[in-house]
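Residue numbers (this note's numbering), protein chains in the order written: chain A, 1431 to 1758; chain B, 1431 to 1758.
All C-beta atoms in this analysis are idealised placements derived from N, C-alpha and C, irrespective of residue type, glycine included.
These notes are about the structure you will find just below.
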């Protein structure tokens, strides 16, 4: 019998989860839950229902794992504990500083309800967390470096669009090649924020807007741009649509360490991602961990887990025997 | 109290394990076991004993985890099950085709004795097995590629040294750059053995040997060289010593996959290693998994495990709380 999945929230990420489920024959999409009018929603899976989020409790016995596809700012802090009290869940909560609190809240709800909740499942946090833990445990004397991009940062794109005179905009985060090269050499450089990433903005201005002022407002925006070398390009709405409508992303997680009695040998471990679609890739990670959550739940495990707490074999549809034969 | 470690076999790998333990303050080397005369062995750790392999059983209660540092051809198939009947063990068994059998033998011994055995811990199998399972579960529609090098292959170096007229030699396995580039592009090429790697040999010939014959013998050697583009350089013993005495290695594990309703988005996951010392890096992996084995044993787990069966958090000296705060 297939693992029965629910999708809670049907934006870019929810649609990504739906298409990812189609690539996993041991999974079945049972229902999509939406805050919109269910009648207004078109989904791809003919056999799945579209329901209001208010009706999710009635589906308790028909869903093995609920995949939460809301945002980390306001959705998941509320939804994850609430849904963990009814379902096994997976979320992609990515506000790093609040992970301990989010973990505790989901853990309490899941333990009380006898469910499993996997949080912060995606690529950072998620796959990059795995890259960091494995590499730092193997090379305890060393430095870890994380670079993001080249890719679209939604937060920075939103920030641009809030600048007066800006009609639309997209921001790319770009790792500095020379910094990457220095890290890969095994040199363990100290790198400032400015030395690691640059920011490139494509901006559609409102007619008659003061372009110099927009550029200066962006470049000097605290937290978002002031600490970076930022480039601003003014382009037309058509150009933005044509060349910048994708949501690519990626990045590099590098550990540089030493071994030997005199620390004479250098080692570099690098994990990198090059993604055409950030939400679809994140969806792939969520779906693999939904399989793990289902299995943990079958083993009567309860409570909150991160990717660090889950053995890799749980992600695979193959048996231990098959894995040892073909993959180890 | 520190985790008490024994090292079984004191070659390159055993020495690497000893220096790795020095980088992990929660671990303590208790004893090195050797087949040689213990009195003839100089080790670096003043507080540790050097004992004969025949005396290991007497140390049963003083060692939490035994790290096996023998070879996969003849040592580990015998030693791992035997020692798992007395100790928790970790080994780096790397004969891929025999992993299922080795697993079953260690599993039976460990379950009977109430111990834990982690096998095939290193970088391939080991870290590359992890790269393969995570990436293939996240991107189920795709292809996995493993490239090795640039690095010294002990097996191929040994094969060269068996050729008549050869006094000494070293072989480097080198990934073909254009093949790497094709895989990274997301193209999912079909690559033959010859298209993936080249082999470069540095050979010291005996005086008066027929160099043309040696070169032909090497290049046409079945399994080892015949399927590859192989280069043979004749050099002096001094040159070999000066430029080729290191044991560097590394490689690339790449998954190229697609997502989206029409499979329109490409994703590339790459895990790579660049290692100055193959045995010292492997030692770092063994020691991190010794920590995991110790903890599993504390939790009353028994039997054989591979890296796929062990949750990453077990490798770290940090608590779950610390990990969520600093690393996830």
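Any C-beta of chain A under 7 Å from that of residue i
i, result
"residue 1662 of chain B", "no"
"residue 1547 of chain B", "no"
"residue 1555 of chain B", "yes"
"residue 1755 of chain B", "yes"
"residue 1563 of chain B", "yes"
"residue 1746 of chain B", "yes"
Inter-residue Cα distance where the pair is residue i and residue j
i, j, result
"residue 1717 of chain A", "residue 1680 of chain A", "19 Å"
"residue 1688 of chain A", "residue 1577 of chain A", "21 Å"
"residue 1588 of chain B", "residue 1598 of chain B", "9 Å"
"residue 1641 of chain A", "residue 1593 of chain A", "11 Å"
"residue 1606 of chain B", "residue 1502 of chain A", "43 Å"
"residue 1437 of chain A", "residue 1693 of chain A", "50 Å"
"residue 1487 of chain A", "residue 1618 of chain A", "52 Å"
"residue 1552 of chain A", "residue 1559 of chain A", "9 Å"
"residue 1527 of chain B", "residue 1514 of chain B", "21 Å"
"residue 1632 of chain A", "residue 1586 of chain A", "11 Å"
"residue 1498 of chain A", "residue 1456 of chain B", "39 Å"
"residue 1709 of chain B", "residue 1443 of chain B", "5 Å"
"residue 1676 of chain A", "residue 1669 of chain A", "13 Å"
"residue 1539 of chain B", "residue 1736 of chain A", "32 Å"
"residue 1596 of chain B", "residue 1524 of chain B", "27 Å"
"residue 1626 of chain A", "residue 1654 of chain B", "43 Å"
"residue 1691 of chain A", "residue 1732 of chain B", "34 Å"
C-beta atoms of residue i and residue j nearer than 7 Å
i, j, result
"residue 1579 of chain A", "residue 1604 of chain A", "yes"
"residue 1516 of chain A", "residue 1490 of chain A", "yes"
"residue 1715 of chain B", "residue 1556 of chain B", "yes"
"residue 1494 of chain B", "residue 1451 of chain B", "no"
"residue 1561 of chain B", "residue 1739 of chain A", "no"
"residue 1637 of chain A", "residue 1602 of chain A", "no"
"residue 1462 of chain B", "residue 1720 of chain B", "no"
"residue 1745 of chain A", "residue 1722 of chain A", "yes"
"residue 1623 of chain B", "residue 1659 of chain B", "no"
"residue 1483 of chain A", "residue 1466 of chain A", "no"
"residue 1699 of chain A", "residue 1565 of chain A", "yes"
"residue 1522 of chain A", "residue 1695 of chain B", "no"
"residue 1500 of chain B", "residue 1446 of chain B", "no"
"residue 1460 of chain B", "residue 1468 of chain B", "no"
"residue 1546 of chain B", "residue 1727 of chain B", "yes"
"residue 1635 of chain A", "residue 1644 of chain A", "yes"
"residue 1652 of chain A", "residue 1453 of chain B", "no"
Contact with chain B by residue i, beta-carbon distance below 7 Å
i, result
"residue 1683 of chain A", "no"
"residue 1673 of chain A", "no"
"residue 1739 of chain A", "yes"
"residue 1560 of chain A", "yes"
"residue 1488 of chain A", "no"
"residue 1584 of chain A", "no"
"residue 1690 of chain A", "yes"
"residue 1743 of chain A", "yes"
"residue 1736 of chain A", "yes"
"residue 1593 of chain A", "no"
"residue 1758 of chain A", "yes"
Endpoints, beta strand (DSSP E) assigned at residue i
i, result
"residue 1601 of chain A", "1596–1605"
"residue 1659 of chain B", "1659–1664"
"residue 1497 of chain A", "1495–1498"
"residue 1571 of chain B", "Run containing residue 1571 of chain B: none; DSSP gives neither H nor E here."
"residue 1630 of chain A", "1627–1635"
"residue 1590 of chain B", "No beta strand (DSSP E) contains residue 1590 of chain B, which is instead part of the alpha helix (DSSP H) from 1584–1591."
"residue 1464 of chain A", "1457–1464"
"residue 1518 of chain B", "1518–1520"
Range of the contiguous alpha helix (DSSP H) that encloses residue i
i, result
"residue 1452 of chain B", "1442–1452"
"residue 1479 of chain B", "It is not in any alpha helix (DSSP H) - residue 1479 of chain B instead sits in the beta strand (DSSP E) that spans 1479–1482."
"residue 1533 of chain B", "1529–1543"
"residue 1510 of chain B", "1505–1514"
"residue 1711 of chain A", "1708–1728"
"residue 1648 of chain A", "1641–1649"
"residue 1694 of chain B", "No alpha helix (DSSP H) contains residue 1694 of chain B, which DSSP labels as neither H nor E."
"residue 1750 of chain B", "1750–1756"
"residue 1673 of chain B", "1667–1673"
Any non-hydrogen atom of the ligand MN within 6 Å of residue i CB
i, result
"residue 1523 of chain A", "Inclusion of the ligand MN in the displayed structure is not the case, the ligand content being empty and no account of it being possible."
Which of the residues in the segment 1696–1727 of chain A, read from start to end, lie with their CB under 7 Å from any CB of chain B?
-> 1696, 1697, 1698, 1699, 1700, 1701, 1702, 1703, 1704, 1705, 1706, 1707, 1710, 1711, 1714, 1715, 1718
Relative to chain A, which residues along the segment 1565–1582 of chain B have a C-beta separation below 7 Å, given in chain order?
-> 1567, 1568, 1569, 1570, 1571
Using Cβ-Cβ distances below 8 Å, what residues of the segment 1520–1552 of chain B are close to chain A?
-> 1526, 1529, 1530, 1533, 1550
Determine which residues of the segment 1466–1484 of chain B have a Cβ less than 8 Å from any Cβ of chain A, and write them out in chain order.
-> 1474
Which residues, taken in chain order from the segment 1447–1466 of chain A, show a beta carbon closer than 7 Å to some beta carbon of chain B?
-> Within the segment 1447–1466 of chain A, the residues whose Cβ lies closer than 7 Å to some Cβ of chain B are 1449, 1450, 1453, 1454, listed in chain order.
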